[in-house]
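Residue numbers (this note's numbering): 1 to 187.
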């Protein structure tokens, strides 16, 4: 823990009910620290980071077709996260695996998994914010678009914090198709 950023050390909890699931290498360190700084600015107090935050969800095993190894890893994840009530993930791919792939393979997690944008939106709606200048373009991940429960949370979040309306790249080009989600989704 000595090499952790200040933001991460402040959030370290061994018994977090709401845990940030960083994963093992799926998310850049700067992205995690930026997200934690936003949480602090919005005075969010429940989100914690613990030993299980860096657990490998087995995405690579699943994508490579190692079914038995994936199931073993998924069961280890379920056991490791047994005391957590809510998971916050920064990766749309991780969210897809937790919400869709695990249940399809009979792995039921106790924690409710949400994307970081879903987690932040209620805090942003209630906060008095200085809107940020500049024009921002975004591209909603295919994982979230293919989920029937998905709402355009990223777009709503950007609209709430930016002075100008965010530019949706998908709406401006019919040439932008699904990238295939690193091989985990059929086009």
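The C-beta atom is built at its ideal place from N, Cα and C for all residues, glycine as well.
Bear in mind that the values here come from a model prediction, so they are computed numbers and not experimental data.
Discussion item. Within 10 Å of its beta-carbon, does residue 117 have 16 or more other beta-carbons around it, so buried, or fewer, so exposed?
Written reply: The C-beta of residue 117 has 16 or more other C-beta atoms within 10 Å across all chains shown, which makes the residue buried.
Worksheet item: From residue 183 to residue 77, what does the alpha carbon distance come to, in whole angstroms?
Response: The predicted position of residue 183 is uncertain, since its pLDDT is 45 and thus under 50; a value taken from the coordinates is nonetheless stated next. When rounded, the separation of the alpha-carbon atoms in residue 183 and residue 77 is 22 Å.
Fill in: Cβ contact check for the segment 17-24 and the segment 73-91: 3 or more pairs under 8 Å
Taking a contact to require three or more Cβ pairs closer than 8 Å, the segment 17-24 and the segment 73-91 qualify as touching.
Fill in: Residue burial classification, residue 11 (beta-carbon count within 10 angstroms, cutoff 16)
Classification for residue 11: buried.
Discussion item. In whole angstroms, give me the CA-to-CA distance for residue 155 and residue 73.
Written reply: CA-to-CA, the gap between residue 155 and residue 73 works out to about 33 Å.
Worksheet item: Looking at the structure shown, is residue 17 part of a helix, part of a strand, or coil, going by DSSP?
Response: When DSSP states are grouped into helix, strand and coil, residue 17 belongs to the coil group.
Worksheet item: Any idea what DSSP makes of residue 168, helix, strand or coil?
Response: Here residue 168 sits in strand by DSSP.
Item to complete: Might you give, ordered along the chain, the residues of its own chain that have their beta carbon closer than 8 Å to the beta carbon of residue 69, omitting 5 neighbours on each side?
Response: Take residue 69, set aside five residues on each side of it, and the residues of its chain with a beta-carbon closer than 8 Å to its own are 58 and 61, in chain order.
Worksheet item: Under a Cβ-count criterion, where at least 16 other Cβ atoms within 10 Å of its own Cβ denotes burial, should residue 158 be classed as buried or exposed?
Response: By the neighbour-count rule (16 or more Cβ atoms within 10 Å), residue 158 is buried.
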